[in-house]
Structure formats: structure tokens, C-alpha cells
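Structure first, then comments.
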Amino acid sequence: MCIRDSRIFSQAPRKFRSKVEGKMSYEDFVWYLLCEEDKMTNRAIDYWFRVLDLDENGIVTGFELEYFYEEQKQRLEYLNHESVLYEDVLCQMSDIFKPEKEIMFRVEHFRRQRTLAPIFFNIFTNLNKFVAYEQRDPFMLKNEATEFPDYSDWDKFAQNEYSRLAMEEENPDNQFELE
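Residue numbers 143 to 321, in our numbering, belong to the letters of the sequence shown in order.
So this is what it looks like as C-alpha cells:
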């Protein structure tokens, strides 16, 4: 189990409502999904901050971030992706969020820069979104922002999932059939 999942299932970001030990209920899963897909909300910022705050002292330090980044780096290398030096990532994040004390991030830093908070959290907790960010097409992003200016990340996720499901329904030949 990856570090992120271990933190989620240790119930660090949110206590589960499930009656079954070590299992998420439907409500727990919905909370997770909302926080995963729209990291700009206060709920999501708090959730992911608590995932990264290993000692639960209200401060995410460079040591805690390095713990998460090391796993991401190993996964990048396993997939033959070029990894970015941790020190470079940390420098970029410090430049963006400007913590008062060097490499000591508080939840307020992410609330002040809420449009950039997803980048920070994805770098350390979601490899697919981190890679997508690194390989993004600025022209496509501008087109998306122009076409759907009021869409939140959740709205974009829901639209993509709806389109994907609609395509699956239209093309039943692409699905595997049991014989």
C-alpha cells in the first residue's frame, strides 16, 4: 500500500463512518472522491494537508514532503519517466506558497493560493496528476479555460466521466463479452 493510501486508511485526514474496521463506507468514499477531484475547496485542502502532516502538528515540513516525494520518485523511475530533483520541487513550492519560515507549510498557505494548491498536493500524492501537470499543453489549457470558464475541477471531472460512460454505452462492441 502506498504512503498516501496508508494515511487515508489510518483515517488521518478524516475518521471513517464505516462500521467495518479498515473499510470505507459509501459516505467515506464520496468524501475522498470529492477531495481527490477538486483540491481547491477548503474541505479538500484540509483533507490533503492532514494526509501530508505526518506528525499532525499543523505544519508540513520538508522532511514530511520528502517522505512522500521519495515514493513518487521511485514510481516515476519504475515507469521510465524522468524525475525532478526533490530540492527543485521544494524550491518551486516555496516560491509559490511563500511560507514565513523556510519549508514549513501551514494550511493557510494553500487557502490563500487555492488555485495552485492542487499542484502541490498532486506532486506528493497523485502520480498520474503530477505527470499530467508536467506534460500539460498550455494551448489546450487556455482553450479549456475559455470554453468552460466557470467549471470547477469537480465539474470537469464529472463532465469527463459522463462523456466516457456515454461513449461506452454508444459503443457496446468495445466491451468484453463473456462466452
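Glycine included, each C-beta is placed from N, C-alpha and C at the ideal position.
These numbers come from a predicted model, not from an experiment.
Give every residue of the same chain whose Cβ lies closer than 7 Å to the Cβ of residue i, excluding the five residues on either side of it in the sequence, and list them in chain order.
i	result
R253	N184, I187
E169	R159
G204	L232, I245
W173	R156
F151	G164
N313	none
H223	V273
Looking at residue i: is its Cβ nearer than 9 Å to the Cβ of residue j?
i	j	result
F210	L194	yes
D219	I145	Checking the displayed sequence, the identity of residue 219 turns out to be Glu instead of Asp. No, Cβ-Cβ distance for E219 and I145 is not below 9 Å.
D279	M182	no
F158	S148	no
A269	R306	Position check: residue 269 holds Leu in this sequence, whereas Ala was assumed. Going by C-beta atoms, L269 is not nearer than 9 Å to R306.
E206	A154	no
K243	H251	no
V162	G200	no
From the DSSP secondary-structure annotation, give me the bridge partner or partners of residue i.
i	result
V193	Bridge partners of V193: none, in fact.
T203	M246
I believe residue i touches residue j by the beta-carbon criterion, under 8 Å. Please report the beta-carbon distance rounded to the nearest angstrom.
i	j	result
L258	I245	L258 to I245, Cβ: 17 Å. No contact.
F263	W190	4 Å
F272	V202	About 17 Å; that fails the 8 Å criterion.
F299	E179	4 Å
State the start and end residues of the unbroken alpha helix (DSSP H) segment that holds residue i.
i	result
T267	259 to 267
E238	The amino acid at residue 238 is misidentified as Glu; the sequence shows Ile. It spans 228 to 239 - the alpha helix (DSSP H) in which I238 sits, taken as one unbroken run.
L307	295 to 312
V162	No alpha helix (DSSP H) holds V162; DSSP gives it neither H nor E.
L221	It is not in any alpha helix (DSSP H) - L221 carries neither H nor E in the DSSP assignment.
R149	145 to 151
E178	168 to 179
Spatial neighbours of residue i within its chain, please: CB distance less than 6 Å, with the 5 preceding and 5 following residues excluded, ordered by chain position.
i	result
R256	M182
E319	At E319 the pLDDT is 49, less than 50, meaning the model places this residue with poor confidence; the figure from the coordinates comes in the next sentence. Nothing listed; no residue qualifies.
M235	F262
E289	none
Under 8 Å Cβ to Cβ from residue i, same chain only, skipping five residues before and after it: list those, please.
i	result
C177	P155, T183, R185, A186, Y189, W190
E321	Its pLDDT being 44, under 50, E321 is placed unreliably in this model, and the coordinates cannot settle the point.
K215	S225, Y228
Is residue i near the ligand COA, going by C-beta to nearest heavy atom under 8 Å?
i	result
N313	The ligand COA is not among the ligands present in this structure, which contains no ligands whatsoever.
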